[in-house]
Structures are given as C-alpha cells and as structure tokens.
Amino acid sequence: MEQILADMFPPSQVPYQVIFARILGSLLMGAIIGFEREAKARPAGLKTHMLVCLAACTFAIISLESVYMKGFFDERVRIDPLRVVEAVTAGVAFLAAGTIIFARGQVQGLTTGSSLWLAGAIGLALGFGHWIIAAFAVGSALLVLAVVGWLEAEVKEEARPDFDRKAAEHPDDKTAHPRETVR
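The sequence shown begins at 1 in the UniProt record's numbering and counts up one residue at a time.
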C-alpha cells in the first residue's frame, strides 16, 4: 500500500498546493474568456475555453515536473519544456482552426479561434507559474472582446446604408425596404 501511495504522490518540484492553485486559476481564467464567447453564442464557449486553458496548464506543469523526475537524469535523455509549449500551441491552433468557417464569401469564427489560442497561452503561463502574465492577458482579452468589439460594431453600423438601417429598425415598414417590390 505504501508503494501505491508513494506512486500516487511522488516528490514534486512544485508543491501540490501550488499545482492545485495553478489548475484552479487556469479554470477561472479560461472561464472568464469563455463566458464572453458563450454570452455571444459563439461556437466555442465556456467549457471549451476552460478545458483548453486547463489542458495547457496541465501540460506545462507536467513538463516542469518531468525535468526533475528520477530516471530522466541520464545524459541520453534530453528534456526541453519548450517543446511542450510548441506542442500545445500546435494542438490548440488545430482546435481553433475548427471554429473558423468560410461561408457565403465571408470568414467567420476568427475571433473565437484566436480566443482559444489565447486560452492555451494563458494556461501555459499559469502552468509555468506566471500569474501576472496570465492576468494581464485575460484583462487584455476582455478589453479586445468587449470594448474593441463594441467599437467595431458601431463602425459597421455607421457604414451601413440608410435604407438598411431603417429596415433593421422597422422590419414591418414596407417603405424601409426599397429593394423589395410589393406584389
């Protein structure tokens, strides 16, 4: 039984309390970005962003711990935590690409794909213990998604022709739809 417990709780370079805090932090920060996407009914929302952030955090913690594992001190074994960063980046990019669609001559889902990629980066930052970087990234993401998104919508609204605006404001008014012919 002692061997089983020793295998379940091996000596850790990063204390287990810190690992737990990093994992909880990744869930929380992934949820913050994911909630914004969920509120706008985008293809990847709350759960997806939380899981991407959690997975990236877990990979980072594992890569840190593997550097100090017994049996990995042999000169034939080369451990490079940056390879984990590359693998997570490639994996999340593949997932994010799945949210991007080209339909009717328009590309959709780029912002959601980008936010997933960022969730992966935030998870990596937390897994490696860079809380401030992760917090700044989440704050910056909220600024871009909310404020810049609002400004972008305002600019698009101003650019719409007058009759399109009238049609959107008064959908039942036939005079607001000059392109439609009344039969």
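Built from N, CA and C at the ideal position, the CB exists for glycine as well.
- With a minimum length of 3 residues, the unbroken runs of beta strand (DSSP E) contained wholly in the UniProt domain "MgtC/SapB/SrpB/YhiD N-terminal" (24-152) fall at 101-103 and 106-108.
- With at least 16 other beta carbons inside 10 angstroms of its own, A137 counts as buried.
- No residue range can be given for M1, since it is assigned to no alpha helix (DSSP H) and is classified by DSSP as neither H nor E.
- In terms of CA proximity to V92, L116 leads the group L116, S26 and F20.
- Remark: C-beta atoms of G30 and G123 approach each other more closely than 8 angstroms.
- Contact annotation, I61 with V14: C-beta distance approximately 7 angstroms; criterion of less than 8 angstroms satisfied.
- Relative to V147, the option among L24, G105 and E36 whose CA is nearest is E36.
- A straight line joining the alpha-carbon of L142 with that of V85 spans about 23 angstroms.
- Taking C-beta separations shorter than 6 angstroms and ignoring five residues to either side along the sequence, the partners of I133 in its chain run A125, following chain order.
- Annotated as proximal: T112 and P43, with beta-carbon spacing under 8 angstroms.
- Closest in alpha carbon position to E65, among I19, A55 and L5, is I19.
- The C-beta of M50 has 16 or more other C-beta atoms within 10 Å across all chains shown, which makes the residue buried.
- In this structure, C53 sits away from A135, with a CB-CB distance that is not shorter than 8 angstroms.
- Under the 10 Å beta carbon count, L24 is surrounded by fewer than 16 other beta carbons and is classified as exposed.
- Of R160, T48, F128 and A159, the smallest CA-CA separation from V67 is found for F128.
- One alpha carbon belongs to K47, the other to M1, and they sit about 37 angstroms apart.
- Within the same chain, Cβ atoms closer than 6 angstroms to the Cβ of I32 are found at V138, the five residues on either side in sequence being excluded.
- Rounded to whole angstroms, the separation of the alpha carbons of A21 and A97 is 30 angstroms.
- Using a 10 angstroms sphere on the CB of A41, the tally of other CB atoms stays under 16, which defines it as exposed.
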